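Quick note: the sequence shown uses my numbering, first residue 2, plus one each step. Using N, Cα and C, we set each Cβ at its ideal position, and we do this for glycine too. Computed from a predicted structure; not experimentally measured. Working notes for the structure below.
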Amino acid sequence: MLLLSIAISALAVGLISLALIIALKNKQVNEINAVLQQLKDSSEQTHILRSEISELRTGLLSIGKRVLEVEQQNQDLIQQQAAQKYDDPDAKIYSRAVKMVELGADLDEVIRECELPRAEAELLFSLHKQKGA
2 MLLLSIAISA LAVGLISLAL IIALKNKQVN EINAVLQQLK DSSEQTHILR
52 SEISELRTGL LSIGKRVLEV EQQNQDLIQQ QAAQKYDDPD AKIYSRAVKM
102 VELGADLDEV IRECELPRAE AELLFSLHKQ KGA
């Protein structure tokens, strides 16, 4: 009878151990499945982020090209404006008159050399004095 109760006890311990092993295995399987799901979610999120980065890169390249075009247009306009400044005969006369005033020419000399009306020459001298002050 003692032997039977030892055998039953050993069987009970074995069954309990087996139940614990199965429970631990199921817990590990559940944890592995959770980690796999997280990995899958992370992979999907990484794919989405890469797509968004690609779209941003394409947009930035487009913006960069547009900025370069606008800068070129700006440079062209600056050159055209500078060319017009020198093409305008009146602008040449006024530029020469201003230069003469800056170099110290007197009113009558500016009027005579640049063929400006007295009022315009006086205005140039007045503006030059204000600028110098």
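{"Asked": "In the DSSP assignment, find the unbroken alpha helix (DSSP H) run with residue 108 in it and report its ends.", "Found": "108-115"}
{"Asked": "Given that a residue counts as buried once 16 or more other Cβ atoms are within 10 Å of its Cβ, and exposed if not, what is residue 68?", "Found": "exposed"}
{"Asked": "Does the structure place the segment 95-110 close enough to the segment 119-133 that three or more beta carbon pairs sit under 8 Å?", "Found": "yes"}
{"Asked": "What's the gap between the Cα of residue 2 and the Cα of residue 30?", "Found": "41 Å"}
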